[in-house]
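Reading through the structure tokens given below for one structure.
In this note's numbering, the protein residues as written are 2 to 46.
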């Protein structure tokens, strides 16, 4: 696994940075979807 990462990405730091960004985007999306649901609940009342 480690060898694959180093092979695919000569600079492992940029790789982990990109991975971190993906995770942040994913969390942000989930949060936005949740907020949207909560907002719909409130507006339905």
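Virtual Cβ for every residue (Gly too), placed ideally from N, Cα, C.
Residue 16 versus residue 46: straight-line alpha-carbon distance, rounded: The residue given as residue 16 occupies position 15 in the chain shown. The residue given as residue 46 occupies position 45 in the chain shown. Cα-Cα distance, rounded: 46 Å.
Using the C-alpha atoms, what's the distance from residue 31 back to residue 40? Within the chain shown, residue 40 is the residue found at index 39, counting from 1. Within the chain shown, residue 31 is the residue found at index 30, counting from 1. Computed Cα separation, rounded: 14 Å.
For residue 20, name the three-state secondary structure that DSSP assigns. Walking along the chain shown from the start, residue 20 turns up at place 19. The answer is helix: DSSP assigns residue 20 an H, G or I state.
In three-state terms, what does DSSP make of residue 46? If you number the chain shown from 1, residue 46 lands on position 45. In the structure shown, residue 46 sits in coil (DSSP, three-state: anything other than H, G, I, E or B).
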